[in-house]
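Q:
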Amino acid sequence: MRVPISVLDGCGDSFLAADEKRKKASTQFFADTGVMAMLCRHDCVLWLANMTSAGEKQHYALALIKKLFGNLPTDMTIGLFCLKYQLLNDAVLCRITFVISVFHAYGHQWACQIIYHPRKCAGFGLSDGEGCECL
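Sequential numbering from 884 applies to the sequence shown in this note's numbering.
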């Protein structure tokens, strides 16, 4: 089941943090503007990436995903949170289950919540996906 593009666009437009054009940290004064983390389902840190440009750039997440897949068996399936753009090839996409973290799901439109809420997706158990918020 797929969410219509118009719903995904509406979800993306409702989050200021997802706006890559909006600067949230100054590169004038700081070499690193933030940290992006990849955590396991138990909220343990797997890898960290220093962010050196303002905004939540997708290449940091893609670099962490590439690092993860380089360290996993090829038959293992993983879960990731929130997807809008097709930036990964089919060999990677078929091994990923996308969901929205529990707290952030309620900011998304209803159609998006039905499909991508972790409580509605098999295999996520009681994981809430909020580990990075507590880091």
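Ideal Cβ positions, reconstructed from N, Cα and C, are used throughout, including at glycine. A quick note: this is a predicted structure, and the numbers were derived from the prediction, not measured.
Quick one: which unbroken alpha helix (DSSP H) runs of 4-plus residues sit fully inside the stretch 975-1008? Chain order, please.
A: Segments of the alpha helix (DSSP H) lying fully in the stretch 975-1008: 985-988, 993-999.
Q: Quick check on Ala-920: does DSSP put it in helix, strand or coil?
A: strand
Q: Distance check for Met-934 and Val-918, CA to CA, integer angstroms please.
A: 5 Å
Q: Since Leu-951 contacts Met-921 with CB under 8 Å, what's their CB separation in whole angstroms?
A: 6 Å
Q: Does the beta-carbon of Cys-923 have 16 or more other beta-carbons within 10 angstroms, so that it is buried, or is it exposed?
A: exposed
Q: With hydrogens ignored, establish whether the beta-carbon of Phe-952 is closer than 6 Å to any heavy atom of the ligand GDP.
A: What this structure holds is no ligand at all, so the ligand GDP is not there to describe.
Q: Kindly list the residues whose CB is nearer than 8 Å to the CB of Val-928, restricted to its own chain and excluding five residues on each side of it in sequence; keep chain order.
A: Non-local beta-carbon contacts of Val-928 in its own chain, meaning distances under 8 Å to residues more than five positions away in sequence, involve Ala-920, Met-921, Leu-922, Leu-1018 in chain order.
Q: Ordered along the chain, which non-local residues of its own chain (more than five positions away) have a Cβ less than 7 Å from that of Val-975?
A: Phe-952
Q: In whole angstroms, what separates the C-alpha of Ser-1010 from that of Ser-936?
A: 30 Å
Q: Cα separation between Ile-961 and Arg-978?
A: 6 Å
Q: Evaluate Gly-1006 with the Cβ neighbour count: other Cβ atoms within 10 Å of its Cβ, from every protein chain shown; 16 or more gives buried, anything less gives exposed.
A: exposed
Q: Let me know if His-991 comes out buried or exposed under the rule of 16 or more other beta-carbons within 10 Å of its beta-carbon.
A: Buried: at least 16 other Cβ atoms inside 10 Å.
Q: Rounded to the nearest angstrom, what separates Ile-948 and Glu-1013 at their Cα positions?
A: 18 Å
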